[in-house]
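S.K.:
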């Protein structure tokens, strides 16, 4: 596949509603992701609220998780109707996910990884990507073994978040592992982790030689980072984001795609964080019960 940009929006639970994804795409993200969706839940109910791809979202990657091969196959066939890329999560470190044998727990079972990738690839004609971590803990860094299994069984891309499951959100990602995966594989490698500003994107490309870079938390706070990255890679500088413009660009999309108030409040909180009066604004926002109220409150906030 070809993308308008080599910088992507990462899948983020309770963050990636359609309005936010489309905003990131408008700001320059080359590919956006849905939130992670349970393949078993989707296999039981095709109308899963997280499978909310819109007609004009192109390209879009839909991320699945699970460990039941039959359910995975069913879910892949469902998402392939709308997804441009079918992605599978083998890196989620959350306790309830790994305790059910999914996410990063799969890194401890190379044979299961093989079976899942075979199932993914045989169930769709769409490109398949898989997201992994460096291993379960420092004593079991098996990223190169897992990455090779993923490639050998037909995946089209691989996403590398070079931290162990045990690290969770602590410590720094080891970008050297992204470089090693890139050297070992022939399929495209997406680097993920430790991206906080446009300079980090350039640094990751340079240090790892990865094909694409994926941005998570930095984009949730400032989706305009995709425009800033493009500017920085082109001329070495970039304009500062305008929180007011970001907020109201998002609200325009909210009115069309109608995410829940929880998503709207989350994004508005992120976009206004650090601005004068934002703490008081956040307190008032928590009590609001309609989009109109939110918009009125924002109009007052930015006066």
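In the numbering used here, the protein residues as written are 76 to 378.
Built from N, CA and C at the ideal position, the CB exists for glycine as well.
It should be emphasised that the depicted structure is a prediction, and the values quoted were computed from it without experimental measurement.
1. May I ask you to list the residues that DSSP assigns as paired with residue 83?
2. According to DSSP, simplified to helix, strand and coil, what is residue 108?
3. Identify which residue in 152, 117, 260 has its Cα closest to the Cα of residue 220.
4. Since residue 113 sits in a beta bridge, which residues does DSSP pair it with?
5. Apart from the five residues just before and just after residue 190, which ones in its own chain have a Cβ nearer than 7 Å to its Cβ?
6. Consult DSSP for residue 339 and reduce its assignment to one of helix, strand or coil.
7. For residue 128, which residues from the same chain have a beta carbon less than 6 Å from its beta carbon, with the 5 sequence-adjacent residues on both sides left out?
8. What residue does the alpha helix (DSSP H) around residue 157 start on, and which one ends it?
9. With a Cβ-Cβ cutoff of 8 Å, do residue 301 and residue 322 count as a contact?
10. Under three-state DSSP, which class holds residue 208?
11. Starting from the N-terminal side, write out each stretch of the beta strand (DSSP E) that is 3 residues or longer and does not extend beyond the segment 212-298.
12. In this structure, does DSSP put residue 374 in helix, strand or coil?
13. Given this structure, state the Cα-to-Cα distance separating residue 249 from residue 111, to the nearest angstrom.
14. Return no unless some Cβ of chain C is closer than 8 Å to the Cβ of residue 127.
15. In three-state DSSP terms, what is residue 354?
16. Identify, in the order they occur along the chain, each residue of the same chain with its Cβ nearer than 6 Å to the Cβ of residue 252, setting aside the five sequence neighbours on each side.
17. According to DSSP, simplified to helix, strand and coil, what is residue 128?
18. Can you look up residue 153 in the DSSP assignment and give me helix, strand or coil?
19. If you follow the alpha helix (DSSP H) that residue 197 is in, where does it begin and where does it stop?
20. Going by DSSP, which residues form a beta bridge with residue 133?
21. Are there 16 or more other CB atoms within 10 angstroms of the CB of residue 303, so buried, or fewer, so exposed?
22. Distance check for residue 98 and residue 325, CA to CA, integer angstroms please.
23. Whether or not the segment 286-294 and the segment 265-278 are in contact is what I'm after, with contact meaning three or more pairs of Cβ atoms, one per stretch, closer than 8 Å; do they touch?
24. Can you pull the DSSP bridge partners for residue 163?
25. Does DSSP put residue 92 in a helix, a strand or coil?
26. Pair every Cβ in the segment 323-343 with every Cβ in the segment 352-365, then say whether three or more of these pairs are closer than 8 Å.
27. So which of 339, 317, 226 has the shortest CA-CA distance to residue 349?
28. Assign residue 318 to one of three DSSP states: helix, strand, or coil.
29. If you check the beta carbons only, do residue 151 and residue 106 fall under 8 Å apart?
30. Kindly indicate which residue of 244, 228, 311 has the alpha-carbon position closest to the one of residue 193.
31. State the DSSP-derived secondary structure class of residue 178, mapped to helix, strand or coil.
M.R.: According to the data block:
1. 289
2. Strand, per DSSP.
3. When only C-alpha atoms are compared, the closest one is 260.
4. 140
5. Same-chain partners within the cutoff: 144.
6. helix
7. 135, 157
8. Secondary structure note for residue 157: it is in no alpha helix (DSSP H), with a DSSP letter that is neither H nor E.
9. no
10. strand
11. Fully enclosed beta strand (DSSP E) runs of 3 or longer: 232-239, 264-267, 287-290.
12. helix
13. Cα to Cα, the separation comes out at about 24 Å.
14. The chain inventory of the structure shown lacks chain C, comprising one protein chain alone.
15. helix
16. Excluding residues up to 5 positions away in sequence, 209, 218, 237 lie with their Cβ nearer than 6 Å to the Cβ of residue 252 in the same chain.
17. coil
18. helix
19. 185-197
20. DSSP, once it has assigned bridges, lists no residue as partnering residue 133.
21. Taking a 10 Å sphere around the C-beta of residue 303, we find 16 or more other C-beta atoms and assign the residue as buried.
22. Between the alpha carbons of residue 325 and residue 98 lies a gap of roughly 6 Å.
23. yes
24. 139, 205
25. coil
26. yes
27. 317
28. helix
29. no
30. 228
31. helix
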